[in-house]
Structures are given as C-alpha cells and as structure tokens.
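Below you'll find the structure, written out as structure tokens, and then a few comments.
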Amino acid sequence: MTASETTSRTSFPEVRGREKGYDKQPVDEFLARARASFEQGSEQLTSADIRQAAFPLVRHGYAIASVDAALGRIEDAFAARERSSAMAVVGARAWVGHTRELAQEVLDRLSRPTGHRFDRVSRLRYGYRVAEVDLVSDKLARFLESGDAVTVEQVRAVAFRMQRGGYRETQVDAVLDAVVEVMLAVK
C-alpha cells in the first residue's frame, strides 16, 4: 500500500480480539465512490444505494457501529440532494404527493392484523421473530398516522431475532427501507 492510499483510508476504530467488523477495503472503496459521486453531483449512487450497502465481516475490521453511523450521515446528505433536485424538477406538490403515496402504502402494510403483516418462511427455515416485527410495526404505524416520535436512526438500528417460520426478511427490510425513505423525504 502506498502512502497516499494509507492517508486516503477512512479512520474508523478497529474491532479487537475475536469480534468481527466490516472488511476495510470494501468500506474504503465504497466510501471513496460515494464521495466522488456526491462531489461530482453524479447520480451514480443514490441514498437507497447507501442504505443498502453491505460489507463482508472479518476479524480486525472496522467497528460496525462507527461505519453504520457514517453511512447514515452520508445517506442523509444524498437524500437531501435528491429531495432538492426532485422538487426543482417536479415541484414541491408532486414531491409531497409521491411521499404521501409511499407513506400510505407502508401504513397499509403495517396496519394488517398482527401475525399477518408479512409473508412467512416455511417452518423449517428461519425468519424474523414475528412478535418483535409486529411490535416495531405498531410503533411505525403510529408514527405514520399521528407523528409519534421515531427517529431515522432508530429505524436504521432495528434488529430482530430469528425464529422458525418467522416473517420473510426481505419483505420486512423493504418496508423498513421505505419508512426511512419517507422520513428522509420530509426531513
């Protein structure tokens, strides 16, 4: 590694011992790509791309919480730029209308009966724990309906334990992503 590569590395704390963290090279490469895209005003990366970034876990990697916090800030910046750009093109009324439609779609999903909000995996496979997802779904539904206090960081940090026959992870994750999108659209 050259001196310029070393100095261009992002400084995140490293995990120690047996704990695993994010592989440094993919994190550094992604962050360099995000920075270049943002500085150039390119639409190569979007806030959704930032939100969906995933990295391999390795020993002596970057501390997950630190990288995730940085990604959250980067996502916020991309979302603000996207919001401004979209409002300049389609106007504030159309932007608000689109956001309202997305929020209603999410609310419709979250308002389904407890235990039936998402598809289930087979009893032989593991999915997200139904009771935990339903609890979070209730809180998010209250946020969308009446503005109960929920932050973007809380939604980003949601984690569920697994159970056999639980909710299908991809569906739950897609709804959580949509909630973040709505929250960032009105931020």
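Under the working numbering, the letters of the sequence shown match residues 301 to 487, in that order. We put the CB at the ideal spot given by N, CA and C, even for glycine. Note that the coordinates shown come from a computational prediction; the quantities given were computed from them, not determined experimentally.
Glu259 by DSSP, collapsed to three states: which one?
As shown, the chain starts at 301 and ends at 487. That puts residue 259 outside it, with no answer to give.
According to DSSP, simplified to helix, strand and coil, what is Arg429?
As a first step, residue 429 must be located in the sequence shown, where it is residue number 129. Coil.
Restricting to Cα atoms, I'd like to know which of Gly466, Asp419 and Leu440 is closest to Leu410.
Within the sequence shown, residue 410 is the residue found at index 110, counting from 1. Here the closest residue by C-alpha is Leu440.
Secondary structure at Arg464, three-state DSSP: helix, strand or coil?
The sequence position of residue 464 within the sequence shown is 164, counting from 1. Three-state result, Arg464: strand.
As a quick exercise: from Lys324, Ala394 and Arg456, pick the residue whose alpha carbon is nearest that of Val436.
Residue 436 sits at position 136 when you count from the first residue of the sequence shown. Out of Lys324, Ala394 and Arg456, Arg456 has the C-alpha closest to the C-alpha of Val436.
For the stretch 313-322 against the stretch 351-368, do three or more pairs of beta-carbon atoms, one drawn from each stretch, fall closer than 8 Å, so that the two count as touching?
Touching, yes.
Kindly indicate which three-state DSSP category Leu357 falls into: helix, strand or coil?
Against the sequence shown, residue 357 aligns to sequence position 57. The answer is strand: DSSP assigns Leu357 an E or B state.
When burial is assigned at 16 or more other CB atoms within 10 Å of the CB, is Asp434 buried or exposed?
By 1-based counting over the sequence shown, the position of residue 434 is 134. So Asp434 counts as buried.
Where Val359 and Arg393 are concerned, what is the direct C-alpha to C-alpha distance, given to the nearest angstrom?
The residue labelled residue 359 in the question sits at position 59 within the sequence shown. The residue labelled residue 393 in the question sits at position 93 within the sequence shown. Reading off the sequence shown, one finds Arg at residue 359, where the question assumed Val. Near 49 Å, if we compare the C-alpha coordinates of Arg393 and Arg359.
I'd like the span of the alpha helix (DSSP H) that includes Leu331, first residue to last.
The sequence position of residue 331 within the sequence shown is 31, counting from 1. Lys324 to Gln340 is the span of the alpha helix (DSSP H), which, as asked, contains Leu331.
Selected residue, minimal CA-CA separation from Ser337, among Ala485, Ala449 and Phe378
One-based indexing of the sequence shown puts residue 337 at position 37. The shortest Cα separation from Ser337 among Ala485, Ala449 and Phe378 belongs to Phe378.
To the nearest angstrom, report how far apart Glu375 and Ile350 are at their CA atoms.
If you number the sequence shown from 1, residue 375 lands on position 75. If you number the sequence shown from 1, residue 350 lands on position 50. About 6 Å.
Count the other CB atoms, across all protein chains shown, that sit within 10 Å of the CB of Glu481; report buried if there are 16 or more and exposed otherwise.
For the purposes of this step, residue 481 is identified with residue 181 of the sequence shown, where counting begins at 1. Under this definition Glu481 is a buried residue.
Give the secondary structure of Arg420 by DSSP, where H, G and I count as helix, E and B as strand, and everything else as coil.
In the sequence shown, residue 420 corresponds to position 120, counting from 1. Three-state result, Arg420: strand.
Can you check whether the CB of Val472 is closer than 8 Å to the CB of Phe418?
Along the sequence shown, one-based indexing puts residue 418 at 118. Along the sequence shown, one-based indexing puts residue 472 at 172. Cβ atoms of Phe418 and Val472: closer than 8 Å.
Helix, strand or coil for Glu314, going by three-state DSSP, please let me know.
By one-based count along the sequence shown, residue 314 stands at place 14. Strand, per DSSP.
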